[in-house]
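Since the structure comes first, as structure tokens, the remarks are kept for the end.
In this note's numbering, the protein residues as written are 336 to 881.
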């Protein structure tokens, strides 16, 4: 059993513990000023039109002069050049031409062009560049890495501006393992890995003592579906997948996590066969990297909710490649599918089923996420550790499971936080809040389906109330929290107090999603009942005819 470190102080307010741990503890960009467009026109009514012979501007060739003896017509056609904004605040001149068509009393229409210069000052918001000292201060570690543990906890960090930066971002939060995207996960075409970035990545791994072969776990693209039935899309997915595996080998990375994909309109059995075939081809085309199938929440036709589906994929891969294929357990996904990871007996049963249907030798990594949605909801909504339906008890089970020692354990919990109304925004512009169905980037399904009718659009709230920024200290605290659970007595007052504090933080969110789930079940039950009644009426009609 690995030694445990002290848990971090929690700032939450405690409430009395309740009997049933989870059923009783209820759940939990910069603006720019657009240029002012003037729509002023020359007053016509107050200034009588000049005689035709005194026209200051000749007519344009090709224009027709029309007559109207009954009425006087005035029309205005305004053309205005677009205002161009530079990098700095500048004064821009916009020339607007007003074409005034004036009808005289005698019924002859005359066109007069009037040019007018107008000065418009365009105000553009500019970002204050950070000084070298500010940048260095921003990258100071939020927490020191804990040495000597057998549980290697970290988070999915950013690799913006180069994969080498992911290492520094992991050091920043005190992670002993980490995940990253090797390229953009939301587009097919990506530039190749730069040699300079590769060399820096390898150097930083040595400098900061990260074993890339064991504790760095890249995540695959959300676009890739190796179970795809359509040939053109399947080839596109395979090429992207293989490109990622080859990037791993260049960086000395041995593990690579990805979503199994979805069956779509085909059968689950045929989808599993296509997935196994693609994996076999990819394994034959590479030498060292081990692809890991992630457990999923079972939404729609997504593969990997039931552990037996992952076992079926592995069984169709030639045995000579079995040392290079594995599985990553996502706690939120498996719980949302319906597995009990909370109670000690439920967790034990889950591990036994994993061994029976897949084999514990294939377990190579974990994603540690709590769940905003209840067990069996099949919704992929990650919550912060201890605040969701899994609760702290589930993560105590995980952190004290000896069979998880030496495996990378990656947090994918939300870190976006509202910007205080009086706080300046640092770094990148604030993020817009995500829609409820997309609260988490780690989407569980390749073929998302709508759980319920689209809700009415909520009233718009002031922009200041919607701004979100990343708070990486959340991960730093959660890493220390998880490490503190090692060896902690779950019946101690220390654990119970911490469990209650975190549960109270997520109570409102849990209650909201519990109510949504119950409404969904009620709707499905009514729909099923109507179908049964319709079928019964059809049978009655058949018998009456006879």
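By construction, the Cβ of each residue, glycine as well, lies at the ideal position given by its N, Cα and C atoms. Bear in mind that the values here come from a model prediction, so they are computed numbers and not experimental data.
Checklist entry - So, residue 573 versus residue 520, is the Cβ gap smaller than 8 Å? => result Indexing the chain shown from 1 puts residue 573 at position 238. Indexing the chain shown from 1 puts residue 520 at position 185. No, they are not a contact pair.
Item to check | Any alpha helix (DSSP H) of 4 or more consecutive residues that is wholly inside the segment 611-682 | outcome: 642-650 and 666-672
Next on the checklist: By the three-class DSSP mapping on this structure, what secondary structure does residue 488 have?
Outcome noted: Along the chain shown, one-based indexing puts residue 488 at 153. Looking at residue 488 - three-state DSSP - the assignment turns out to be strand.
Item to check | Complete beta strand (DSSP E) runs within the segment 692-759 (minimum length 3 residues, chain order) | outcome: 698-703, 743-746 and 751-753
Item to check | residue 716 beta carbon less than 8 Å from that of residue 817 | outcome: If you number the chain shown from 1, residue 817 lands on position 482. If you number the chain shown from 1, residue 716 lands on position 381. Contact: no.
Item to check | Backbone CA spacing between residue 884 and residue 853 [nearest angstrom] | outcome: Summary: the structure shown does not reach residue 884, with the chain confined to residues 336 through 881, and so no result is reported for it.
Next on the checklist: Looking at the secondary structure, which residues open and close the alpha helix (DSSP H) in which residue 500 lies?
Outcome noted: For the purposes of this step, residue 500 is taken as the residue at position 165 of the chain shown. Note, residue 500: alpha helix (DSSP H), 500-508.
Item to check | DSSP three-state assignment for residue 848, whether helix, strand or coil | outcome: Counting from one through the chain shown, the residue named residue 848 turns up at place 513. Helix, per DSSP.
Item to check | Beta-carbon proximity list for residue 539, same chain, < 6 Å, skipping 5 on both sides | outcome: For the purposes of this step, residue 539 is identified with residue 204 of the chain shown, where counting begins at 1. Taken in chain order, the residues that qualify are 499 and 502.
Item to check | Nearest candidate by alpha-carbon position, reference residue 591, set 682, 597 and 581 | outcome: On the chain shown, residue 591 is found 256 positions in, with the first residue counted as 1. Among 682, 597 and 581, the Cα nearest to that of residue 591 is on 581.
Item to check | Candidates 656, 867, 726 and 531: closest to residue 678 by CA position | outcome: The residue labelled residue 678 in the question sits at position 343 within the chain shown. Among 656, 867, 726 and 531, the Cα nearest to that of residue 678 is on 726.
Item to check | Nonlocal neighbours in the same chain, by C-beta distance under 7 Å from residue 533, ignoring five residues either side | outcome: Numbered from its first residue, the chain shown carries residue 533 at position 198. If we look at residue 533 and ignore the five residues flanking it on each side, its Cβ neighbours are 585 and 586.
Checklist entry - In angstroms, rounded to a whole number, what distance separates the CA positions of residue 721 and residue 546? => result The residue given as residue 721 occupies position 386 in the chain shown. The residue given as residue 546 occupies position 211 in the chain shown. One C-alpha to the other measures close to 29 Å.
Next on the checklist: Our contact map puts residue 490 next to residue 746 with C-beta atoms below 8 Å; I'd like the distance itself, whole angstroms only.
Outcome noted: Within the chain shown, numbered from 1, the residue matching residue 490 stands at position 155. Within the chain shown, numbered from 1, the residue matching residue 746 stands at position 411. 4 Å between Cβ atoms; contact.
Checklist entry - Around the C-beta of residue 651, are 16 or more other C-beta atoms found within 10 angstroms, so that it is buried, or is it exposed? => result One-based indexing of the chain shown puts residue 651 at position 316. With fewer than 16 other Cβ atoms within 10 Å, it is exposed.
Item to check | Between the CA atoms of residue 868 and residue 523 - distance to the nearest angstrom | outcome: The count along the chain shown starts at 1 and reaches residue 523 at position 188. The count along the chain shown starts at 1 and reaches residue 868 at position 533. Using only the alpha carbons, I get a separation of about 48 Å.
Checklist entry - Should residue 856 go down as buried or exposed, given a rule of 16 or more other Cβ atoms within 10 Å for buried? => result Residue mapping note: residue 856 aligns to position 521 of the chain shown, counting from 1. When all chains shown are included, residue 856 counts as exposed.
Checklist entry - What are the residues that DSSP puts in a beta bridge with residue 593? => result Taking the chain shown and counting its residues from 1, one reaches residue 593 at position 258. Paired residue(s): 628.
Next on the checklist: In the DSSP output, which residue or residues are listed as bridge partners for residue 513?
Outcome noted: By one-based count along the chain shown, residue 513 stands at place 178. Partner(s): 490 and 551.
Checklist entry - With DSSP run on the structure shown, which of helix, strand or coil describes residue 805? => result Indexing the chain shown from 1 puts residue 805 at position 470. It is a strand residue.
Checklist entry - Excluding five sequence neighbours on each side, which residues of the same chain lie with their C-beta closer than 6 Å to the C-beta of residue 707? => result Looking up residue 707 in the chain shown gives position 372. Taken in chain order, the residues that qualify are 716, 718, 723, 844 and 848.
Item to check | Whole-angstrom C-beta distance between residue 813 and residue 858, which should lie under 8 Å | outcome: Looking up residue 858 in the chain shown gives position 523. Looking up residue 813 in the chain shown gives position 478. About 35 Å separates the two Cβ atoms, so there is no contact after all.
Item to check | Supposed contact pair residue 515 and residue 494 - C-beta distance, whole angstroms, cut 8 Å | outcome: On the chain shown, position 159 is the one that residue 494 refers to. On the chain shown, position 180 is the one that residue 515 refers to. Yes, residue 494 and residue 515 are in contact; Cβ-Cβ is about 4 Å, under 8 Å.
Next on the checklist: Relative to the C-alpha of residue 600, which candidate in 611, 564, 655 and 815 has its C-alpha closest?
Outcome noted: Along the chain shown, read from residue 1 onward, the residue named residue 600 stands at position 265. That would be 564, whose Cα lies nearest to the Cα of residue 600.
Checklist entry - Should residue 541 be labelled buried (16 or more other beta-carbon atoms within 10 Å of its own) or exposed? => result Here the question's residue 541 lines up with position 206 in the chain shown. Label assigned to residue 541: exposed.
Item to check | Environment of residue 653 [buried if 16+ CB atoms lie within 10 Å] | outcome: Stepping through the chain shown from its first residue, residue 653 is reached at position 318. Looking at its Cβ environment, which holds fewer than 16 other Cβ atoms inside 10 Å, residue 653 is exposed.
Checklist entry - Can you give the Cα-Cα distance for residue 739 and residue 728, rounded to whole angstroms? => result Your numbering for residue 739 matches position 404 in the chain shown. Your numbering for residue 728 matches position 393 in the chain shown. Each residue's Cα considered, the two are about 16 Å apart.
Checklist entry - Distance, Cα to Cα, residue 693 vs residue 685? => result As a first step, residue 693 is located in the chain shown; it is residue number 358 there, counting from the start. As a first step, residue 685 is located in the chain shown; it is residue number 350 there, counting from the start. Each residue's Cα considered, the two are about 12 Å apart.
Next on the checklist: Measuring only the C-alpha atoms, how far is residue 566 from residue 658?
Outcome noted: Locating residue 566 in the chain shown gives position 231, where the first residue counts as 1. Locating residue 658 in the chain shown gives position 323, where the first residue counts as 1. Near 29 Å, if we compare the C-alpha coordinates of residue 658 and residue 566.
Checklist entry - Under the rule that 16 or more other beta-carbon atoms within 10 Å means buried, what is residue 828, buried or exposed? => result By 1-based counting over the chain shown, the position of residue 828 is 493. Looking at its Cβ environment, which holds fewer than 16 other Cβ atoms inside 10 Å, residue 828 is exposed.
Next on the checklist: For the alpha helix (DSSP H) containing residue 478, name the first residue and the last one.
Outcome noted: Taking the first residue of the chain shown as 1, we reach residue 478 at position 143. Taken as a continuous stretch (DSSP letters only), residue 478 belongs to no alpha helix (DSSP H), as it is neither H nor E.
Item to check | residue 839: first and last residue of the uninterrupted alpha helix (DSSP H) it sits in | outcome: Against the chain shown, residue 839 aligns to sequence position 504. It spans 828-840 - the alpha helix (DSSP H) in which residue 839 sits, taken as one unbroken run.
Next on the checklist: Determine whether the beta carbon atoms of residue 807 and residue 750 lie at a separation below 8 Å.
Outcome noted: Locating residue 807 in the chain shown gives position 472, counting from the first residue. Locating residue 750 in the chain shown gives position 415, counting from the first residue. Cβ distance < 8 Å, so residue 807 and residue 750 count as in contact.
Checklist entry - Where does residue 787 land, buried or exposed, given buried means 16+ other C-beta within 10 angstroms? => result Here residue 787 is taken as the residue at index 452 of the chain shown, counted from 1. Any reading at residue 787 needs caution, since the residue's pLDDT is 36, under 50, leaving its predicted position unreliable; the model's value is listed next. Looking at its Cβ environment, which holds fewer than 16 other Cβ atoms inside 10 Å, residue 787 is exposed.
Next on the checklist: Excluding the 5 residues flanking residue 477 on each side, which residues of the same chain have their C-beta closer than 7 Å to its C-beta?
Outcome noted: Position 142 of the chain shown, counted from the first residue, corresponds to residue 477. The residues are 507, 508, 509, 807, 808 and 811.
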